[in-house]
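Everything on this sheet refers to the single structure shown next.
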Amino acid sequence: MAIAVYKTSRVIVQGITGKEGRYHALACRDYGTKVVGGVTPGKGGSDVDGIPVFNTVEEAVQKTNPNVSLIFVPPPFAADAILEAVGSGIKIIVCITEGIPVLDMVKVKRVIEKEGIILIGPNCPGIITPDASKIGIMPGHIFKRGSIGIISRSGTLLYETADQISKVGLGQSTCLGIGGDPIVGTDYIFWLERFEQDPETEAIMIVGEIGGDAEEKAAEYIKAHVTKPVFAFVAGASAPKGRRMGHAGAIIMGKKGTVESKYNALKEAGVHIIENPGYIGETIYKTLKDKYHFSI
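Rendered as structure tokens:
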């Protein structure tokens, strides 16, 4: 089975008439995802290559019965788009938008926690269960159905990791990016819990990066609750201290958030560390085969 999204998931795309929204809505549909509608204020009654467009999420919900929203709305309006989806009863929201104002996300975070909403992102590539549903901007052809769950803070490193895992003959159960902004909806722990419970997932790969303490908190959770093999790579080993490196959440302050502190915590939790991103697939394959005697 998959986690969070399935072949039956019904998706609306907020911002579907924009350049990015249109392109990726059609790419998701081509992958096999059930894209049932789109939302752009003022464009209701039109369509995007046959996908009906509505003025509001509430109207889209009434007419198409979606259970997931994929958001491509500019940063100043993205928080309101998330809250509109929440207010219309959508329980899983994937927000691709990067750079939503922090104070806006503080308000969003309070609401989604109170309402029990699964928010993936913002500033993320989305979520994919290979051969079932792609809800995001990932290149679908590199993913292969299998038993490795991937949680990543980086979009491109998620693609690289999945590609290597596919090329060594393994595959992925579900893959997602939790987002690179300072405030995101869900964290490693949320997804580790679900991968641990998922019978299809036999091992878990974490792709981290410098900044914050998300990987250290994940390590504490893994040590106490995760029984499956866990692998980890943390990006940013050579990044200069104190300088923001692309992702707003990837900044080192003092001694916290360094690659060393994250690897130390993960090693203590029994996680298999992969320091060279060029050997992720090969290391996972060899470790599962030799140490855990997986039948590969």
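Each number in our numbering corresponds to the 1-based position in the sequence shown with 1093 added.
The beta carbon of each residue, even a glycine, is placed where N, CA and C say it ideally should be.
Fair warning: this is a prediction, and the values are worked out from it, not measured in the lab.
Problem set entry | Complete runs of the alpha helix (DSSP H) confined to the region 1303-1334 [at least 4 residues] | The region 1303-1334 contains these whole alpha helix (DSSP H) runs: 1307-1318.
Exercise. What is the rounded straight-line gap between the Cα of Ile-1186 and the Cα of Pro-1232?
Worked result: By 1-based counting over the sequence shown, the position of residue 1186 is 93. By 1-based counting over the sequence shown, the position of residue 1232 is 139. Pairing Ile-1186 with Pro-1232, the inter-Cα distance amounts to about 20 Å.
Exercise. In terms of DSSP beta bridges, what is Ser-1354 paired with?
Worked result: Numbered from 1 along the sequence shown, position 261 holds the residue referred to as residue 1354. Partner(s): none; Ser-1354 has no beta bridge.
Exercise. Looking at the structure shown, is His-1365 part of a helix, part of a strand, or coil, going by DSSP?
Worked result: Locating residue 1365 in the sequence shown gives position 272, counting from the first residue. DSSP places His-1365 in strand when its eight states are reduced to three.
Problem set entry | C-beta contact flag for Ile-1105 and Pro-1159 at 8 Å | The residue given as residue 1105 occupies position 12 in the sequence shown. The residue given as residue 1159 occupies position 66 in the sequence shown. A distance below 8 Å separates the beta carbons of Ile-1105 and Pro-1159.
Exercise. Can you tell me where the beta strand (DSSP E) with Pro-1145 in it begins and where it stops?
Worked result: By 1-based counting over the sequence shown, the position of residue 1145 is 52. Residues 1144-1147.
Exercise. In terms of DSSP beta bridges, what is Ser-1226 paired with?
Worked result: Sequence index remark: in the sequence shown, residue 1226 carries index 133 (1-based). Answer by DSSP bridge pairing, in chain order: Thr-1222.
Problem set entry | Supposed contact pair Ile-1366 and Gln-1257 - C-beta distance, whole angstroms, cut 8 Å | Position 164 of the sequence shown holds residue 1257. Position 273 of the sequence shown holds residue 1366. Between Gln-1257 and Ile-1366 a beta carbon distance of about 16 Å is seen, past the 8 Å cut, so the two are scored as non-contacting.
Problem set entry | Sheet register partners of Val-1195 (DSSP bridge) | Taking the first residue of the sequence shown as 1, we reach residue 1195 at position 102. Answer is none; Val-1195 lacks a bridge partner.
For this session: Indicate the three-state DSSP secondary structure (helix, strand or coil) for Gly-1248 in the structure shown.
Result: Locating residue 1248 in the sequence shown gives position 155, counting from the first residue. Residue state for Gly-1248 is assigned as helix, using DSSP reduced to three classes.
Problem set entry | Alpha carbon of Val-1150 to alpha carbon of Ile-1235, nearest angstrom | Position 57 of the sequence shown, counted from the start, is the residue given in the question as residue 1150. Position 142 of the sequence shown, counted from the start, is the residue given in the question as residue 1235. So the two alpha carbons sit approximately 32 Å from each other.
Exercise. With DSSP run on the structure shown, which of helix, strand or coil describes Ile-1175?
Worked result: Here residue 1175 corresponds to residue number 82 of the sequence shown, with the count starting at 1. Three-state result, Ile-1175: helix.
Problem set entry | Cβ pair Ile-1193, Asp-1274 closer than 8 Å | Taking the first residue of the sequence shown as position 1, residue 1193 is located at position 100. Taking the first residue of the sequence shown as position 1, residue 1274 is located at position 181. In this structure, Ile-1193 lies near Asp-1274, with their beta-carbon atoms less than 8 Å apart.
For this session: To the nearest angstrom, report how far apart Lys-1310 and Arg-1103 are at their CA atoms.
Result: Looking up residue 1310 in the sequence shown gives position 217. Looking up residue 1103 in the sequence shown gives position 10. Distance between the alpha carbons of Lys-1310 and Arg-1103: 33 Å.
Problem set entry | Residue closest to Ala-1325, alpha-carbon to alpha-carbon, out of Ile-1282, Leu-1119 and Pro-1370 | Within the sequence shown, the letter at position 232 stands for residue 1325. Looking at the Cα atoms, Pro-1370 is the closest of the given residues.
Problem set entry | Best match in Pro-1169, Gly-1138, Lys-1227 and Arg-1115 for proximity to Val-1098 [C-alpha to C-alpha] | What you label residue 1098 is simply residue 5 of the sequence shown in a count that begins at 1. Considering only alpha carbons, the answer is Lys-1227.
For this session: Identify, in the order they occur along the chain, each residue of the same chain with its Cβ nearer than 8 Å to the Cβ of Ile-1389, setting aside the five sequence neighbours on each side.
Result: Sequence index remark: in the sequence shown, residue 1389 carries index 296 (1-based). Excluding the 5 residues flanking it on each side, Ile-1389 has same chain C-beta neighbours closer than 8 Å at Gly-1262, Leu-1263, Tyr-1378, Leu-1381 and Lys-1382, in chain order.
Problem set entry | CA-to-CA distance, Val-1129 to Leu-1196, given in whole angstroms | On the sequence shown, position 103 is the one that residue 1196 refers to. On the sequence shown, position 36 is the one that residue 1129 refers to. Cα-Cα distance, rounded: 32 Å.
For this session: Helix, strand or coil for Lys-1184, going by three-state DSSP, please let me know.
Result: The count along the sequence shown starts at 1 and reaches residue 1184 at position 91. Under the three-state reduction of DSSP, Lys-1184 is assigned to coil, being neither helix nor strand.
Problem set entry | Three-state secondary structure assigned by DSSP to Gly-1272 | In the sequence shown, the residue the question calls residue 1272 occupies position 179. Three-state DSSP puts Gly-1272 in coil, outside helix and strand.
Exercise. Anyone know if the C-beta pair for Gly-1239 and Ser-1266 falls short of 8 Å?
Worked result: For this step, residue 1239 is matched to residue 146 along the sequence shown. For this step, residue 1266 is matched to residue 173 along the sequence shown. Cβ atoms of Gly-1239 and Ser-1266: closer than 8 Å.
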